[in-house]
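Have a look at the structure below, then the notes.
Protein chains in written order, with the numbering used here: chain R, -11 to 108; chain H, 49 to 290.
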């Protein structure tokens, strides 16, 4: 096995362990671990499958199996980052709306308290 | 707030501006004594909220720092939800002259515009600006000209008055970072009318600008990308020239 494939296999295995550990400790929610786990498992599987790498290589027009693995890893991580950019953007929008609503509600509560004090 | 006062609201976004916000609130209240002045405190760590309240402002406190666009939009949403017809935005650093608020409001009410902004460059008034900022302003003006179909001399001006139609648009969609330029494109997309009036601006009373030299480059690219995205969003590409 080429050194690059061993390196990718080790890194993928480490990534799986890291993600599983983070999920166990509730640092990452299960739904957000799926994309990382999927990418890592796929890369790990490909490291040990010459047939799959060659098939992908012939489809891409690349002879070198290691190069196929690196390109695939890059593409998978780009998609993963894109997915999390969507998630982060959505969370930021929600966060802004909540912060704005909270500021306005605090003002409403203050007004109600003032009115209550005036009545008393 | 009483129903008869629900015509004009002044919003002042503020972030760590304890040295200037009190003076700005007082000056605005002298010009528009009937209008509520709302300071949106964008998570200040200094005495900004207390000083704003002492000066007679209503206070909306955001639980954490959202950035200028988030704070301004909070004010727009608040005014829209409370039924205000016109909102004037004045910055808390003392650069805007509250005595000129009536200029903006008169233009807004009289000439049927949806937004009126104050321009420090429409008429020469001796306002000194860093060459880098002036260059940035010229580049933005050049980029905006084909998009808006008109020349905007001071696209980064935050001294602005909007009517209820623009308020509705902004309460739903307002850029988060460096919002002034993108806001113009948002209005254009919605077929709303806007113009500039010449105003006099002062140097900041205190504190530092949020845009440093290194951030200027990021600012340029961020705003140009925002403009581009808003062009792509156009419902109908060909605008009517104003």
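Glycine included, C-beta positions come from ideal geometry on N, C-alpha and C.
Got a sec? Which residues, its chain only, sit under 8 Å from residue i by beta carbon, not counting five neighbours each side?
i                      : result
residue 221 of chain H : 234
residue 58 of chain R  : -8, -4
residue 42 of chain R  : 53
Below 6 Å CB to CB, which residues in the same chain sit around residue i once its five sequence neighbours on both sides are set aside?
i                      : result
residue 288 of chain H : With a pLDDT of 42 at residue 288 of chain H, under the threshold of 50, the predicted position of this residue should be treated as unreliable, though the coordinate-derived value follows. Same-chain partners within the cutoff: there are none.
residue 144 of chain H : 138, 207
residue 286 of chain H : For residue 286 of chain H, the predicted model reports a pLDDT of 43, less than 50, meaning its position is unreliable and no value from the coordinates is stated.
residue 51 of chain H  : For residue 51 of chain H, the pLDDT reaches just 42, beneath the cut-off of 50, and the residue's location in the model is therefore unreliable, although a value from the coordinates is still provided. Here the set comprises nothing.
Should residue i be labelled buried (16 or more other beta-carbon atoms within 10 Å of its own) or exposed?
i                      : result
residue 155 of chain H : buried
residue 39 of chain R  : exposed
residue 24 of chain R  : buried
residue 290 of chain H : Unreliable positioning characterises residue 290 of chain H in this predicted model, as indicated by a pLDDT of 37, which lies under 50. The coordinate reading is nonetheless provided below. It counts as exposed.
residue 164 of chain H : buried
residue 169 of chain H : buried
residue 193 of chain H : exposed
residue 111 of chain H : exposed
residue 72 of chain R  : exposed
residue 62 of chain R  : exposed
residue 142 of chain H : buried
residue 219 of chain H : buried
Residue i: which of the options sits nearest, CA to CA?
i                      : options                    : result
residue -2 of chain R  : R:22, R:36, R:88           : R:36
residue 190 of chain H : H:152, H:275, H:209, H:265 : H:275
residue 147 of chain H : H:71, H:100, H:103, H:104  : H:71
residue 33 of chain R  : R:82, R:4, R:47            : R:4
residue 110 of chain R : H:205, H:250, H:108, H:262 : Coverage of chain R is limited to positions -11 through 108, which leaves residue 110 of chain R absent and any answer about it impossible.
residue 211 of chain H : H:124, H:119, H:61         : H:124
residue 181 of chain H : H:205, H:199, H:198, H:160 : H:205
residue 227 of chain H : H:213, H:249, H:241, H:267 : H:267
So does residue i have its beta carbon nearer than 7 Å to some heavy atom of the ligand GTP?
i                      : result
residue 234 of chain H : No copy of the ligand GTP appears in this structure; indeed no ligand is present at all.
Leaving out five residues before and five after residue i in sequence, what residues of the same chain have Cβ atoms less than 7 Å from its Cβ?
i                      : result
residue 223 of chain H : 117, 230, 231, 274
residue 278 of chain H : 230, 233, 234, 237
residue 66 of chain H  : 94, 95, 96, 99
residue 171 of chain H : 246
By DSSP's criteria, residue i is part of a beta bridge. Which residues make up the other side?
i                      : result
residue 167 of chain H : H:246
residue 106 of chain H : H:86
residue 144 of chain H : H:249
residue 81 of chain H  : In DSSP, residue 81 of chain H forms no bridge with anything.
residue 75 of chain R  : Paired residues: none, contrary to the question.
**Study point:** Length at least 4, wholly inside the segment -7 to 45 of chain R: the alpha helix (DSSP H) runs in chain order
**Key:** 18 to 35
Review point. Can you give, in chain order, each stretch of the alpha helix (DSSP H) that sits fully within the segment 116 to 141 of chain H and has at least 4 residues?
Key: 116 to 129
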